[in-house]
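Under the working numbering, the residue at position 556 of the sequence shown is numbered 867, and the numbers go up by one with no gaps.
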Amino acid sequence: MPHLLKIEHLFIEAESDQKTKQIVKGIHLTLHRGEVLGLIGESGAGKSTIGLAAMGFSRQGCRIVSGSIVFDGQELFGAPREALRKIWGARIAYVAQSAAASFNPAHRLIKQYMEAPLQHGLMSSEEAKENAVDMYRRLLLPDPEKIGYRYPHQVSGGQLQRAMVAMAMSCQPDIIVFDEPTTALDVTTQVEVLAAIKYITTQFRTAAIYISHDLAVVAQLADRIMVLRYGELVEENDARTMLANPRKEYTRKLLSVRMLRKTKNLSDQKDDVILDIQGVTASYTGQNNVLENINLTIRKGRNVALVGESGSGKSTLARVITGLLPPVQGRIFFKGKELSPNLKSRNREELQKLQMIYQMPDTALNPRHRIRKILGRPLEFYFGMNRKQREERIRELLTQIELPESFIDRFPTELSGGEKQRICIARALAAEPELIICDEVTSALDQLVAEGILHLLQGLQDQLKVSYLFITHDLATVKAIADEIVVMFQGQIVEQGTKKEILTPPHHEYTELLLSSVPEMDPDWLDNLLKARKSGRAKIKPHEIIPRGSLENLPRPAG
312 MPHLLKIEHL FIEAESDQKT KQIVKGIHLT LHRGEVLGLI GESGAGKSTI GLAAMGFSRQ
372 GCRIVSGSIV FDGQELFGAP REALRKIWGA RIAYVAQSAA ASFNPAHRLI KQYMEAPLQH
432 GLMSSEEAKE NAVDMYRRLL LPDPEKIGYR YPHQVSGGQL QRAMVAMAMS CQPDIIVFDE
492 PTTALDVTTQ VEVLAAIKYI TTQFRTAAIY ISHDLAVVAQ LADRIMVLRY GELVEENDAR
552 TMLANPRKEY TRKLLSVRML RKTKNLSDQK DDVILDIQGV TASYTGQNNV LENINLTIRK
612 GRNVALVGES GSGKSTLARV ITGLLPPVQG RIFFKGKELS PNLKSRNREE LQKLQMIYQM
672 PDTALNPRHR IRKILGRPLE FYFGMNRKQR EERIRELLTQ IELPESFIDR FPTELSGGEK
732 QRICIARALA AEPELIICDE VTSALDQLVA EGILHLLQGL QDQLKVSYLF ITHDLATVKA
792 IADEIVVMFQ GQIVEQGTKK EILTPPHHEY TELLLSSVPE MDPDWLDNLL KARKSGRAKI
852 KPHEIIPRGS LENLPRPAG
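Structure follows, in structure tokens:
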């Protein structure tokens with residue numbers, strides 16, 4: 312059978328600070344019609360660059376130096392732009408990681424769906440509209456006849472990502488490049504998108520290149536997997552063989568990340584309560600509550616994981632704790648003393664003892680400040696350290712977070728994503744806090760880097776006895792680091808207890824839905840889950856989730 316796509320001896324270089332660096336080094340790749348190829352690796356492995364090169368495209372600052380990219384008998388490397396435009400969208404389509412950033416917010420979904428088939432002259436306007444509704448229906452989008460007339464901001468993240476998959480299929484292309492399409496989604500939404508992609512590739516025999524850093528996700532879709540590192544091939548094999556018997560040490564590391572840690576002694580002591588939240592209700596508008604009657608206790612040296620889907624109220628609770636959103640009712644106590652509901656009314660000691668690490672280090676760090684200034688500011692503010700004292704303490708902090716002291720003069724833009732997040736951790740540690748709120752601190756990082764961050768936080772806790780409130784939708788992180796788990800849904804706490812209690816059946820139905828939606832290193836996991844939900848064997852399905860206000864009636868299974 313002839314290859315639909317064949318890439319040989321691909322070399323790509325990038326330019327940075329007037330220097331060129333090879334980022335893809337002699338890659339060979341083949342793809343047959345109807346086949347799904349998974350590209351796996353850390354950030355900087357060259358996955359997205361190779362995916363775009365399969366379309367004969369390179370990002371600004373990158374250049375395809377040499378090699379061959381043959382699609383259906385046509386050489387794309389060096390082909391005229393006009394020839395490539397006839398292929399893009401019509402025969403090779405692309406699905407980006409962030410649908411929210413990719414859609415035009417000023418145009419309705421159906422108009423953006425119709426754009427490619429109309430531009431390529433494949434359909435009339437009416438045919439494109441009918442085709443859009445049919446594709447929305449096939450991908451199980453709600454109200455398929457009307458959803459296309461909404462704007463991107465009027466649908467959920469999972470619905471928008473599925474609408475983007477539908478749009479990629481508007482011309483029924485031969486190949487779709489999926490570039491981390493589920494990375495930013497919570498686990499239940501991720502299942503919906505994976506199911507949509509699985510349907511497209513099997514029903515239409517569409518070939519696909521699926522790019523991800525999550526091997527468990529890729530295993531649900533890929534026929535073959537290529538593991539990449541530093542722009543080179545580490546290992547290639549069919550998905551089942553690779554999962555069962557990886558040949559290379561690096562692949563084995565990808566398979567083994569975030570294993571369960573040993574359980575701590577969780578015997579309670581009355582005097583070790585750090586944070587006590589009592590009956591907190593909060594609202595952004597003063598009318599609709601986004602948090603309802605939250606009761607939560609965090610003890611010294613504990614990791615409490617706050618889990619739930621996007622929109623469940625996790626980050627809102629963090630805003631209430633830090634004083635950024637005063638509650639409508641309820642009280643918050645820190646070491647037995649009631650905190651002012653408003654940040655501006657809290658004293659310096661209260662600010663010092665409660666710190667926060669944010670999800671996106673790129674936006675949390677001032678790109679114009681060197682690391683010396685970023686870490687020095689809390690030292691000066693909280694402890695009044697002079698320049699010499701600050702310099703000494705900054706170097707200690709860099710050692711604590713396992714970065715070289717030479718980083719002190721770097722700017723954030725000169726660091727990797729994982730290194731930036733370590734600097735954010737150091738900035739929080741600089742205040743010598745007793746509680747750190749970690750808001751999705753690993754969700755923007757690839758698996759191995761995230762694993763390093765979790766190891767670091769665990770080691771710092773053992774050393775400093777600091778408490779963590781982990782806000783996350785990543786159940787793998789929860790299993791790895793949590794002592795206690797609090798499950799939130801629609802602004803309410805559904806279930807809370809020790810990790811052992813929450814992860815051991817029977818579960819509340821919503822907790823069961825979250826746990827059952829975490830991909831496993833089993834190529835049959837997604838198929839089995841979808842079959843179970845379709846046949847009714849699954850205990851709860853996403854569309855059956857109980858509406859706000861009725862969670863007190865949510866039953867716990869007997870047993």
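No residue lacks a Cβ here, since even glycine has one placed at the ideal position from N, Cα and C.
| Check | Outcome |
| --- | --- |
| Tell me, please, which residues DSSP counts as bridged to residue 539. | 544 |
| Does DSSP classify residue 724 as helix, strand or coil? | helix |
| Just to confirm the assignment: which complete beta strand (DSSP E) runs, minimum length 3, are found wholly within the segment 469–501? | 486–490 |
| Quick one: using the 10 Å Cβ neighbour count with 16 as the cut-off for buried, is residue 330 buried or exposed? | exposed |
| Between the beta-carbon of residue 487 and the beta-carbon of residue 460, is there less than 8 angstroms? | no |
| For residue 455, which residues of its own chain have a beta-carbon under 7 angstroms away from its beta-carbon, when the five flanking residues on both sides are left out? | 444, 447 and 448 |
| Please look up how many angstroms separate the CB atoms of residue 493 and residue 504, rounded, as I've assumed it's under 8 angstroms. | 5 angstroms |
| From what residue to what residue does the beta strand (DSSP E) around residue 376 run? | 373–382 |
| Contact defined as beta carbons within less than 8 angstroms: I believe residue 530 pairs with residue 550. What is the distance between those atoms, to the nearest angstrom? | 6 angstroms |
| Which residue from 376, 347, 343 and 693 puts its Cα closest to that of residue 337? | 376 |
| Assuming residue 515 is part of the beta strand (DSSP E), what are its boundary residues? | Looking at the DSSP string, residue 515 is not in any beta strand (DSSP E), and its letter there is neither H nor E. |
| If the criterion is Cβ atoms closer than 8 angstroms, does the pair residue 584 and residue 631 meet it? | no |
| From the DSSP output, which residues share a beta bridge with residue 331? | 326 |
| Helix, strand or coil for residue 808 per DSSP? | strand |
| Short of 8 angstroms in beta carbon distance, which residues of its chain neighbour residue 458, apart from the five on each side in sequence? Order them along the chain. | 420, 447, 452, 466, 470 and 474 |
| Indicate the three-state DSSP secondary structure (helix, strand or coil) for residue 508 in the structure shown. | helix |
| Which residues does DSSP pair with residue 349 in a beta bridge? | 521 and 536 |
| Look at the Cβ atom of residue 676, then the Cβ atom of residue 735, and state whether they are nearer than 8 angstroms. | yes |
| Check whether the segment 313–328 and the segment 366–382 are in contact - that is, three or more C-beta pairs closer than 8 angstroms. | yes |
| Taking a contact to mean a Cβ-Cβ separation below 8 angstroms, would you say residue 342 touches residue 609 in this structure? | no |
| Check residue 867 in the structure and name its three-state DSSP category. | The predicted position of residue 867 is uncertain, since its pLDDT is 37 and thus under 50; a value taken from the coordinates is nonetheless stated next. In the structure shown, residue 867 sits in coil (DSSP, three-state: anything other than H, G, I, E or B). |
| Using CA atoms only, rank isn't needed, just tell me which of 696, 698, 697 and 719 is closest to residue 706. | 719 |
| Give me the Cβ distance between residue 565 and residue 758, rounded to the nearest whole Å; I'm assuming they're in contact under 8 angstroms. | 6 angstroms |
| What is the DSSP secondary structure of residue 531, counted as helix, strand or coil? | coil |
| Roughly how many angstroms separate the alpha carbons of residue 360 and residue 372, rounded to a whole number? | 11 angstroms |
| Got a sec, what are the start and stop residues for the beta strand (DSSP E) residue 710 sits in? | Looking at the DSSP string, residue 710 is not in any beta strand (DSSP E); the run it does join, the alpha helix (DSSP H), is 698–711. |
| Quick one: which unbroken beta strand (DSSP E) runs of 3-plus residues sit fully inside the segment 750–819? Chain order, please. | 778–783, 795–800 and 803–809 |
| To the nearest whole angstrom, what separates the beta carbons of residue 741 and residue 708, a pair I think is in contact under 8 angstroms? | 6 angstroms |
| List the whole-angstrom C-beta distance separating residue 428 from residue 439, where the pair is believed to meet the contact cut-off of C-beta under 8 angstroms. | 5 angstroms |
| Can you give the Cα-Cα distance for residue 772 and residue 593, rounded to whole angstroms? | 30 angstroms |
| Within a Cβ cutoff of 7 angstroms, which residues of the same chain sit near residue 625, ignoring the five residues on either side of it in sequence? | 617, 619, 782 and 799 |
| If you run the structure through DSSP and keep just helix, strand and coil, what is residue 680? | coil |
| Taking all protein chains shown into account, decide if residue 779 is buried (16 or more other Cβ within 10 angstroms of its Cβ) or exposed. | buried |
| Given a threshold of 16 other Cβ atoms within 10 Å of its Cβ, counted over all protein chains shown, does residue 442 qualify as buried or as exposed? | buried |
| Looking at C-beta atoms only, is the number of pairs between the segment 821–830 and the segment 634–649 that lie closer than 8 angstroms three or more? | no |
| For the alpha helix (DSSP H) holding residue 425, just list the boundary residues, first then last. | 420–430 |
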